[in-house]
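Protein chains: 2
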Amino acid sequence: MEKELALELLEAKKLVQLRKDLQELNPADIATLIEEMRESEEFDEKKLILLYRILPKELAAEAFTYLDSDTQIALIGAFSDKELRYVIDELYLDDTVDIIEEMPANVVSRILSSTDPDTRKQINELLNYPKDSAGSVMTTEFVYLHRYLTVREAFEQIRKIGLVKETVYTCYVISSHRRLVGRVTVLDMLVADEDTKIEDIMETNVIFVRTHDDKEHVAHTMSKYDIAAIPVVDNEDRIVGIVTFDDAMDVLQEENTEDFAKMAAVVPAEDSYFKTSVWQHAKSRIPWLLVLMLSATLTGWISSRFEPQIAVIPMLVSFMPMVMGTGGNCGSQSSTLIIRGMALEEIRLKDFFKVVFKEFRIALLCAAVLSVVNGLRVLITYKDPALALVIALSLIGTVVIAKLVGAMLPMAAKAVHLDPAIMANPLITTVVDSCSLLIYFTIATNVLGI
Amino acid sequence: MEKELALELLEAKKLVQLRKDLQELNPADIATLIEEMRESEEFDEKKLILLYRILPKELAAEAFTYLDSDTQIALIGAFSDKELRYVIDELYLDDTVDIIEEMPANVVSRILSSTDPDTRKQINELLNYPKDSAGSVMTTEFVYLHRYLTVREAFEQIRKIGLVKETVYTCYVISSHRRLVGRVTVLDMLVADEDTKIEDIMETNVIFVRTHDDKEHVAHTMSKYDIAAIPVVDNEDRIVGIVTFDDAMDVLQEENTEDFAKMAAVVPAEDSYFKTSVWQHAKSRIPWLLVLMLSATLTGWISSRFEPQIAVIPMLVSFMPMVMGTGGNCGSQSSTLIIRGMALEEIRLKDFFKVVFKEFRIALLCAAVLSVVNGLRVLITYKDPALALVIALSLIGTVVIAKLVGAMLPMAAKAVHLDPAIMANPLITTVVDSCSLLIYFTIATNVLGI
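Chains as they are written, first to last, in my numbering: chain H, 962 to 1411; chain G, 962 to 1411.
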């Protein structure tokens, strides 16, 4: 459904038709439509709540989770207490927590006061897990079964409580101390005899994570083992929640987006490109630009040291961009692959020397090709063997140094618990620029005897 | 289990103990262990097949899917026909296809000859879908139900065929022409009356993709709508397969890894960092380095045009790295955010002018801050208002041009069906370097009157 049509129907008060059309849509698409409609000027908050109230209750509550926090705040402000309670009741607990995390304090207290004490307690617990931890993305709604139950008893329990849980097809088996001891699927139970004990059909080799594990590690684990939901246990091995595949996919996408931003020297934004204002964009880009610009002063200082040589052979200047550029590119190739390898948990800190040695050998190969090609080009263009030698030697030195710096900086960052992603292209380039110029001018001075 | 221990037990022929230890592991971990063991020199193919045969049959077949293609080829070579048939039978169809795609022709024909004609036909169909299409990552193993079945009949059908399917919990409802008309979950059926018709309880608003859709789009759609499996339909709207969340997660990770590589001017590799040889690494890095190095000749040529001015004021050289560096950083900030936005389907081609206008305003803000800061720095350091003016003006010009180029090139690439990711940092930097120097020296020449 197009937003123009929806706006028209709303304007013309053809609400029955509008309701009919909206019902055809998926909750996620309704949310997108509402957000698009909010962009047009004549769509005020009154129309927003009217539109929302047109929707069948359940569909409305589902669509609510997909809305951006701006629209959610606007709606919560317009909701009656009853409406708010209905929406919160329909939401999965982890979605409620996500919403609460985005809201200003007064809205939070309104939401919390419309939940029952038990839910409130669970929400508060979830809110207390550190940002980016498994605990912060898990839901406490899952089915657990006692190990001594029979299949029949288990099914009764699932029927009683299961239907509202986010995942009922996989149940987690616990001991008397609520310790996670196994996993059993509805399928396993369907094919088993009704009097079989759960512990006799459960799988004991359960992959799990801990509440304080990094959420990125959780997503990688789920992806590695191809599992749709992973149990989360606390320090005493008691199961306290599960993380489901949809949240894991969101985590992967968010973490990748964050890495892309950091690697381009941008402070990661919370919102999408268009939802972030011009002002906000500038604010997230300026800090690194300033740092990098001012640190380029060092490179400038190095080149100013060689003014006497430049005065003798001004042509030296014309090779500066090429030498610096090649160094930067070589460095960023290495750093990017290594940052990515670490993000995918393929490269670990203990691999430091293995990585450095590998990059060293790769650098020699790259250096050989680049220096031969460019050396020959200079020789043919300028008919000056000494100059060609300077360029070839400078490239060898620059490529090797750049690849080593590109390999070592991200791993060093990881070692001191910084995010390796900040050691990407821009920072590497700034470091490598200085090295390249130093190498280039030193070689030029010695070979050309100036 | 550590590979040293496993090797020791194997060496000492303590196979019963080894089998017991291995059984404790998850199939994915067994695969990792085997790959690690293969790295040690004393572990030959004889030991590989011995180790594999120690494993319980089913666990062995499962572990097989997680192995890298090298190890798989080695194992297939050592398998008896019976062993091969067992493994292939146990595999999901999409995993078999993944394996076949990696194998040399003689191995492929051995695999195909050990499958039954029906499976062979399905494999061949899957192999015919274009690389990176939904068809190439889907599995043909799913449960479909006719719309006129009752719940009782449906359950009978599921019991008969369902247990071997990758996902039985969601069934797809088809019309008499095999057209996809709905979706029903086992839960829906469990709570419904046994005589209810499937079409009365099915959800008709089914999200689906087409066989030729890009697999990245499939993954984004699943992530957007939070669904664990998505049906794939052909040109006549008939359901031909499903894509499951685990494959979607792999697609997201692979595509992201590819984008990271491309954005660092590296030709994406098939394997992980360590599995790619030094030689291969060099081969995937040298082409872009050469292109970028040679195109930096243009930048060199521009700076050589200004040798007379440099001869008059040699200090001009010392600001070159800072101006070029800032330009490169500004450009790569914009290009990275826009490439990522397009990958996430947040930015579309029709947003071209919106993006360019937004980047223009962001550029003005960044330019203002950078030029004031650096202008003041130069003024204070060198007490030369004219030089400070040159630097400030150059930065304004450079930042604006860089951000516009960074915004436009990725979108232009997309418009001509190139991957926007190649328009990232390194290429942008090379383009922007030339622009920056041109701006810088032109302003210097005019303001300083040289």
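For glycine and all other residues, C-beta sits at the position ideal for the given N, C-alpha and C. As the structure is a prediction and not an experimental result, all values here were calculated from the model.
- Item | Beta-carbon proximity check, G:Ile-1037 vs G:Leu-976, cutoff 7 Å | no
- Message: Out of H:Tyr-1234, H:Lys-1185 and H:Ile-1191, which one is the CA nearest neighbour of G:Val-1212?
- Response: It is H:Lys-1185 whose Cα lies nearest to the Cα of G:Val-1212.
- Residue environment, H:Gly-1358, which counts as buried when at least 16 other CB atoms sit within 10 Å: buried
- Do G:Ser-1030 and G:Glu-1063 have their C-beta atoms within less than 7 Å of each other? Taking the C-beta atoms as reference points, G:Glu-1063 is found nearer than 7 Å to G:Ser-1030.
- When you check each C-beta in the region 1347-1373 of chain G against every C-beta of chain H, which residues fall closer than 7 Å? none
- Does the beta-carbon of G:Arg-1113 have 16 or more other beta-carbons within 10 angstroms, so that it is buried, or is it exposed? exposed
- Nearest-angstrom Cα distance between G:Ala-1368 and G:Ile-1299? 7 Å
- Task: Give a yes or no on whether 7 Å exceeds the smallest Cβ distance from G:Lys-1121 to chain H.
- Result: no
- Task: Determine, using beta-carbon pairs with one atom in the region 1321-1339 of chain H and one in the region 1253-1272 of chain H, whether at least three such pairs fall under 8 Å.
- Result: no
- Task: Rounded to whole angstroms, what's the CA-CA distance from G:Met-1303 to H:Val-1228? Just pull it up for me.
- Result: 19 Å
- Query: How would you label H:Asp-1079, buried or exposed, when you count the other beta carbons within 10 angstroms and need 16 or more for buried?
  - Reply: With fewer than 16 other Cβ atoms within 10 Å, it is exposed.
- Using the beta-carbon of each residue, which ones in chain G are nearer than 7 Å to H:Pro-1275? Glu-1268, Ile-1271 and Ala-1272
- Item | Beta bridge counterpart(s) of H:Cys-1107 as assigned by DSSP | Per the sequence shown, the amino acid found at residue 1107 of chain H is His instead of Cys. DSSP output for H:His-1107 lists H:Ile-1135 as bridge partner(s).
- Message: So H:Thr-1260 contacts chain G; which residues on that side make the cut at Cβ distance below 8 Å?
- Response: Pro-1282, Met-1283 and Gly-1286
- Just curious, the beta strand (DSSP E) that H:Val-1201 is in, first and last residue? 1200-1205 is the extent of the beta strand (DSSP E) around H:Val-1201.
- Message: Counting only Cβ-Cβ distances shorter than 8 Å, please list the residues of the region 1232-1250 of chain G near chain H, keeping chain order.
- Response: Ser-1233, Tyr-1234, Phe-1235, Val-1239, Trp-1240, His-1242, Ala-1243, Arg-1246, Ile-1247, Trp-1249 and Leu-1250
- Message: I need the straight-line Cα distance from G:Asn-1290 to G:Val-1393, nearest angstrom please.
- Response: 10 Å
- Using 8 Å as the threshold, is the region 1195-1205 of chain G in touch with the region 1166-1178 of chain G, meaning 3 or more CB pairs across them? yes
- Task: Quick one: measure Cβ to Cβ for H:Thr-1131 and H:Arg-1120, integer angstroms, because I've assumed they're closer than 8 Å.
- Result: With 8 Å as the limit, H:Thr-1131 and H:Arg-1120 do not qualify as a contact, their Cβ atoms being about 16 Å apart.
- Message: Which residues does DSSP list as the beta-bridge partners of H:Gly-1143?
- Response: H:Val-1134
- Opening and closing residue of the alpha helix (DSSP H) in which H:Pro-1282 lies: 1281-1304
- Item | Cβ-based burial, G:Pro-988 [other Cβ within 10 Å; buried from 16] | Counting other Cβ atoms within 10 Å of its Cβ, G:Pro-988 reaches 16 or more and is therefore classed as buried.
- Item | Inter-residue Cα distance where the pair is H:Glu-985 and H:Lys-1315 | 57 Å
- Task: Measuring alpha carbon to alpha carbon, tell me which of H:Ile-991, H:Lys-1375, H:Met-998 and H:Thr-993 ends up nearest H:Glu-1412.
- Result: Look at the range of chain H in this structure, 962 to 1411, and you will see that residue 1412 of chain H is not part of it.
- Residues of the region 1325-1350 of chain G whose Cβ lies closer than 8 Å to any Cβ of chain H, in chain order: Leu-1326, Cys-1327, Val-1330, Leu-1331, Val-1334, Asn-1335 and Arg-1338
- Mind listing the chain G neighbours of H:Pro-1387? Cutoff is C-beta to C-beta under 9 Å, in chain order. Gly-1286, Gly-1289, Asn-1290, Ser-1293, Gln-1294 and Asn-1386
- Item | Pairwise C-alpha distance: G:Arg-1140 and G:Asp-1198 | Going from the Cα of G:Asp-1198 to the Cα of G:Arg-1140 covers about 5 Å.
- CB contact flag (H:Thr-1100, H:Leu-1054, <7 Å): yes
- Query: Under the DSSP definition of a beta bridge, which residues are partnered with G:Val-1194?
  - Reply: G:Arg-1171 and G:Ile-1200
- By a C-beta neighbour count over all protein chains shown, 10 Å radius and 16 as the cutoff for buried, is G:Asn-1413 buried or exposed? Chain G is shown only over 962 to 1411; residue 1413 of chain G falls outside these bounds and no answer can be derived.
- Query: Which residue or residues does DSSP assign as beta-bridge partners of G:Ser-1094?
  - Reply: G:Asp-1175
- Run the CB neighbour count on H:Asn-1217, radius 10 Å, all protein chains shown included, and call it buried at 16 or more, exposed below. buried
- Contact set between the region 1308-1321 of chain G and chain H, restricted to residues whose Cβ is under 7 Å from the partner: Going along the region 1308-1321 of chain G in chain order, one finds Ile-1308 and Lys-1319 with a Cβ nearer than 7 Å to chain H.
- Task: Would you check if the distance between the CB atom of H:Val-1339 and the CB atom of H:Ala-1328 is smaller than 7 Å?
- Result: no
- Exposure label - G:Trp-1240; buried when at least 16 CB within 10 Å: Exposed: under 16 other Cβ atoms inside 10 Å.
- Below 7 Å between beta carbons: does that hold for G:Ile-1159 and G:Arg-1108? yes
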